[in-house]
Ligand SMILES: [Zn+2]
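Numbering (my numbering), first residue to last: 1141 to 1424.
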């Protein structure tokens, strides 16, 4: 019997990601406002299918929309740290990162009564210091990197990376990495964004995208008897009607294919049982 785990993760950015990019017009903020409608629809869908999930919620969202954040917690979903603001760690000083982790944790502890075990970097851009800072802050896992697809691994710290010399790999750490990928994230496929600098077209046909997402699971099923596949959604993106129909369809298909849905912290526990010594990406 294969153990094929699926983690549904929801980055509940609401308006915080626009604000972090200095987009504070009423129109930009309204796109964040829609996240509340999306979150309500997602919670209804997950409750109907009895599926646990993990929500990475910035402190800004928790404190701006406390009733909605409370609804996520009350429904039993895991809540992870996604900063207080939505500024990426790569854009911050080490002190700035420490402050973001601490204030994000405070907001979550006030909501749930416990410290979050997981972290996902806003924009998924960790800094050179992030892995060490996450361990110092007591996190069990990060979910911002893309070094594998179906098998979690130990995050590495202290790589020496220069332009003209081969990589010198740092050491594995106790921090578990729960890998993600842009291809399994709703934002690049669907979110239309425009600025003077660039246009990100998004707005893909949901039925085509879901074929990719289901096939990603089918490949895991064909080639592995143990694995964890993590999808990333944003309530303001996936919450649109036609995409909610797609998400509902995907969950039904995955369940029929044998997927076991669980929170990311529970998936980390499964990983540590399966690989007591940890999985290393060094020396391959
Ligand atoms: Zn985010």
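Quick reminder that beta carbons are idealized off the backbone N, C-alpha and C, glycines included. The structure displayed is predicted, hence computed values, not measured ones.
- Between residue 1164 and residue 1370, the C-beta spacing is not below 9 Å.
- Here the region 1271-1284 makes contact with the region 1246-1261; the two share three or more CB pairs at distances below 8 Å.
- Around the beta-carbon of residue 1341, fewer than 16 other beta-carbon atoms lie within 10 Å, marking it exposed.
- The beta carbon of residue 1212 sits closer than 6 Å to the beta carbons of 1195 from its chain, once the five residues preceding and following it are set aside; these are given in chain order.
- Within 8 Å of the C-beta of residue 1167 there is not a single heavy atom belonging to ligand 1.
- As summarised for the region 1157-1245, the continuous beta strand (DSSP E) elements at least 3 residues long and confined to that stretch are 1194-1197 and 1218-1221, given in chain order.
- Proximity to residue 1415 across 1368, 1395 and 1226 peaks at 1368, based on C-alpha coordinates.
- Around the beta carbon of residue 1376, 16 or more other beta carbons sit within 10 angstroms, so the residue counts as buried.
- In the DSSP assignment, residue 1332 is bridged to no other residue.
- The residue from 1245, 1217 and 1255 with its alpha-carbon nearest to that of residue 1192 is 1217.
- In the three-state reduction of the DSSP assignment, residue 1249 falls in the helix class, which pools H, G and I.
- In the three-state reduction of the DSSP assignment, residue 1357 falls in the helix class, which pools H, G and I.
- Relative to ligand 1, residue 1258 has its C-beta separated by 8 Å or more from all heavy atoms.
- The three-state reading of DSSP puts residue 1288 in coil, since its state is none of H, G, I, E or B.
- Under the three-state reduction of DSSP, residue 1266 is assigned to coil, being neither helix nor strand.
- Not one heavy atom of ligand 1 falls within 8 Å of the beta-carbon of residue 1270.
- Linking residue 1202 to residue 1304 through their CA atoms gives a straight-line distance of about 45 Å.
- A distance filter of 6 Å between CB atoms and the heavy atoms of ligand 1 selects the following residues in sequence order: 1151, 1153, 1157, 1222, 1226 and 1262.
- Sequence-distant Cβ neighbours of residue 1263 in its own chain, meaning closer than 7 Å and more than five residues away, are 1228.
- Judged by DSSP secondary structure, residue 1146 falls within the beta strand (DSSP E) whose first and last residues are 1143-1151.
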